[in-house]
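Novice: For the sequence shown, the working numbering begins at 46 and goes up steadily by one.
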Amino acid sequence: WQPILRWHILPHRCPKSAARYQKVWTKDGSPLVANTARIAEGLKRALGETWSVHWAMCYGTNRVDDVLPKVLEIAPDRLVVLPLFPHYATQTTEAVFDAVDRAVRSVRSDVRQLRITEYFEHPAYIKAVAARVCAHWATVGPLEKGDKLLISMHSIPACSIKKGSPYERQCRRTAELLAAELQLSESQWTLAFQSKFGHSKWLEPSAVDTARRLGKEGVRRLDVVCPGFAADCLETLEEIGIDLKETFLASGGGAFHYIPATNDSPEAIDAYAGIVRDALQRA
Numbered sequence: 046w047q048p049i050l051r052w053h054i055l056p057h058r059c060p061k062s063a064a065r066y067q068k069v070w071t072k073d074g075s076p077l078v079a080n081t082a083r084i085a086e087g088l089k090r091a092l093g094e095t096w097s098v099h100w101a102m103c104y105g106t107n108r109v110d111d112v113l114p115k116v117l118e119i120a121p122d123r124l125v126v127l128p129l130f131p132h133y134a135t136q137t138t139e140a141v142f143d144a145v146d147r148a149v150r151s152v153r154s155d156v157r158q159l160r161i162t163e164y165f166e167h168p169a170y171i172k173a174v175a176a177r178v179c180a181h182w183a184t185v186g187p188l189e190k191g192d193k194l195l196i197s198m199h200s201i202p203a204c205s206i207k208k209g210s211p212y213e214r215q216c217r218r219t220a221e222l223l224a225a226e227l228q229l230s231e232s233q234w235t236l237a238f239q240s241k242f243g244h245s246k247w248l249e250p251s252a253v254d255t256a257r258r259l260g261k262e263g264v265r266r267l268d269v270v271c272p273g274f275a276a277d278c279l280e281t282l283e284e285i286g287i288d289l290k291e292t293f294l295a296s297g298g299g300a301f302h303y304i305p306a307t308n309d310s311p312e313a314i315d316a317y318a319g320i321v322r323d324a325l326q327r328a
């Protein structure tokens, strides 16, 4: 995976991503970095003074390789690893665990690890996403006849599912639980997958094809929520908030709303704290 990333993907995607990031850059810099840092700060407050909470990424800013050795210097009793990916996938969750293992080996630490592999159906997580949707509806009004909620998840290669990955099943379960929490009928919501790259087959239907179809069908309002993204980033703010909106409107659709990620909302922070505490109780 690393050679493919470094020699085939990044050289082509980085210049394009830089141009796209200019559209969503904030006064605090990268929205992903800023939002992730605020999540960590909120989780630290929620868990209390006995906890040391740090955030890191596999690539780019604040890398696991740089952050974790410094954390291990304080000799923690246990290292709880919480990937901010609700659904398990080798491309995301396992990439985090691999990065953590490399960092731990680099300092020859024997720290105990507690790995949280998924939280796609944790009640507090579902309620946190639902709270975001409800806050949006409190502003613009609830869905009416002819309106639709699009639940968009990050896609992965279809071959992963054939090899036994639970990712698609978990995404569908999250969507069903969210729709139930919001008391939506089957006709009021749909699930799609976004952020495909390359030429191989990925999970479908794609968010682009779905938005285009709904626009042609005359859907008068499309609200989009992305439960697989813990923090707003390029894939939500630009790919959904800008590009998908243009696709929907150009296809004849009516109003389009992107519903922000949970980010560091009180409900999200409470959910993460609960997920960590529940994992500790089961350990």
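By construction, the Cβ of each residue, glycine as well, lies at the ideal position given by its N, Cα and C atoms.
(1) Which residues in the same chain have their Cβ closer than 6 Å to the Cβ of ILE49, if we skip the five residues on either side of it in sequence?
(2) Can you tell me which residues form a DSSP beta bridge with LEU223?
(3) Return helix, strand or coil for HIS99, following the three-state DSSP convention.
(4) Less than 8 Å between C-beta atoms, sequence neighbours within five positions excluded: which residues of the same chain meet that for GLN47?
(5) Give me the Cβ distance between GLU166 and THR219, rounded to the nearest whole Å; I'm assuming they're in contact under 8 Å.
(6) For ALA252, tell me which candidate among GLU262, SER245 and LYS241 has the shortest Cα-Cα distance.
(7) Does the region 166 to 182 touch the region 120 to 128, meaning 3 or more C-beta pairs lie closer than 8 Å?
(8) With a cut-off of 8 Å, do at least 3 Cβ pairs link the region 73 to 86 to the region 293 to 301?
(9) Would you kindly report the start and end of the unbroken beta strand (DSSP E) that includes LYS193?
(10) What first and last residue would you give for the beta strand (DSSP E) that runs through GLN239?
(11) Under 7 Å, Cβ to Cβ, is there at least one residue of chain C near ARG147?
(12) For GLU4, does the count of other Cβ atoms within 10 angstroms reach 16, so buried, or fall short, so exposed?
(13) Residues in its own chain within less than 7 Å of THR307 by CB, not counting five upstream and five downstream?
(14) Between ALA148 and ASP110, is the Cβ-Cβ spacing less than 7 Å?
(15) Using only alpha-carbon positions, find the residue among ASP143, ASP268 and SER230 that is nearest to LEU194.
(16) Return helix, strand or coil for GLY298, following the three-state DSSP convention.
(17) Exposed or buried, THR184, counting other C-beta atoms within 10 Å across all chains shown (16 or more means buried)?
(18) Evaluate ILE171 with the Cβ neighbour count: other Cβ atoms within 10 Å of its Cβ, from every protein chain shown; 16 or more gives buried, anything less gives exposed.
(19) Please state whether the Cβ-Cβ distance between CYS103 and ALA144 is less than 7 Å.
(20) Output the distance between the C-alpha atoms of TRP182 and LEU227, rounded to the nearest integer angstrom.
(21) What do you get for GLN215, buried or exposed, if any count of 16 or more other CB atoms within 10 angstroms of its CB means buried?
(22) I'd like to know whether the C-beta atoms of ASP277 and ASN80 end up nearer to each other than 7 Å.
(23) Under the three-state reduction of DSSP, which class applies to THR71: helix, strand or coil?
(24) Indicate whether ILE161 and ALA318 have their beta-carbon atoms separated by less than 7 Å.
(25) For PRO211, which residues from the same chain have a beta carbon less than 7 Å from its beta carbon, with the 5 sequence-adjacent residues on both sides left out?
(26) Suppose only complete runs of 4+ residues qualify. What are the alpha helix (DSSP H) ranges in the region 96 to 150, listed by chain order?
(27) Might you give, ordered along the chain, the residues of its own chain that have their beta carbon closer than 8 Å to the beta carbon of TRP100, omitting 5 neighbours on each side?
(28) Measure the Cβ-Cβ separation of PHE238 and SER205 and say whether it is below 7 Å.
(29) At which residues does the beta strand (DSSP E) containing ASP268 begin and terminate?
(30) Per DSSP, which residues does ARG217 bridge with? Please list them.
Specialist: Working from what's here:
(1) Note that ILE49 scores 42 on pLDDT, short of 50, meaning its location in the model is unreliable; the coordinates nonetheless yield the value given after this. When the five nearest sequence neighbours on each side are left out, no beta carbon in the same chain lies closer than 6 Å to the beta carbon of ILE49.
(2) Its beta-bridge partners do not exist; DSSP assigns none.
(3) Here DSSP, grouped into helix, strand and coil, assigns HIS99 to coil.
(4) Per-residue confidence for GLN47 stands at a pLDDT of 45, beneath the threshold of 50, marking its modelled position as unreliable; no derived number is given.
(5) Contact flag correct, Cβ pair sits at about 7 Å.
(6) Checking every option, the nearest Cα to that of ALA252 belongs to LYS241.
(7) Of all C-beta pairs linking the region 120 to 128 to the region 166 to 182, fewer than three are shorter than 8 Å, placing the two stretches out of contact.
(8) Not touching, per the Cβ criterion.
(9) Secondary structure note for LYS193: its beta strand (DSSP E) is the uninterrupted segment 192 to 199.
(10) Note, GLN239: beta strand (DSSP E), 234 to 239.
(11) Among the protein chains of the structure shown there is no chain C, as only one such chain exists.
(12) Nothing can be reported for residue 4: it is not among the residues displayed for the chain, which extend from 46 to 328.
(13) So the qualifying residues of the chain are ALA173, VAL174, ARG177, ALA275 and ALA313.
(14) In this structure, ALA148 lies near ASP110, with their beta-carbon atoms less than 7 Å apart.
(15) With distances taken between Cα atoms, LEU194 lies closest to ASP268.
(16) Here GLY298 sits in coil by DSSP.
(17) THR184 should be labelled exposed.
(18) Around the Cβ of ILE171, a 10 Å sphere holds 16 or more other Cβ atoms; the residue is buried.
(19) Yes, Cβ-Cβ distance for CYS103 and ALA144 is below 7 Å.
(20) Distance between the alpha carbons of TRP182 and LEU227 is about 11 Å.
(21) Result: buried.
(22) Yes, the Cβ-Cβ distance between ASP277 and ASN80 is below 7 Å.
(23) Strand at THR71.
(24) Cβ distance not < 7 Å, so ILE161 and ALA318 don't count as in contact.
(25) Correct list, in chain order: TYR133.
(26) Scanning the region 96 to 150 for uninterrupted alpha helix (DSSP H) segments of 4 residues or longer gives 109 to 117, listed from N- to C-terminal end.
(27) If we look at TRP100 and ignore the five residues flanking it on each side, its Cβ neighbours are THR81, ALA82, ILE84, ALA85, ASN107 and VAL112.
(28) Taking 7 Å as the cut-off, the Cβ atoms of PHE238 and SER205 do not count as close.
(29) Element bounds for ASP268: 266 to 270.
(30) In DSSP, ARG217 forms no bridge with anything.
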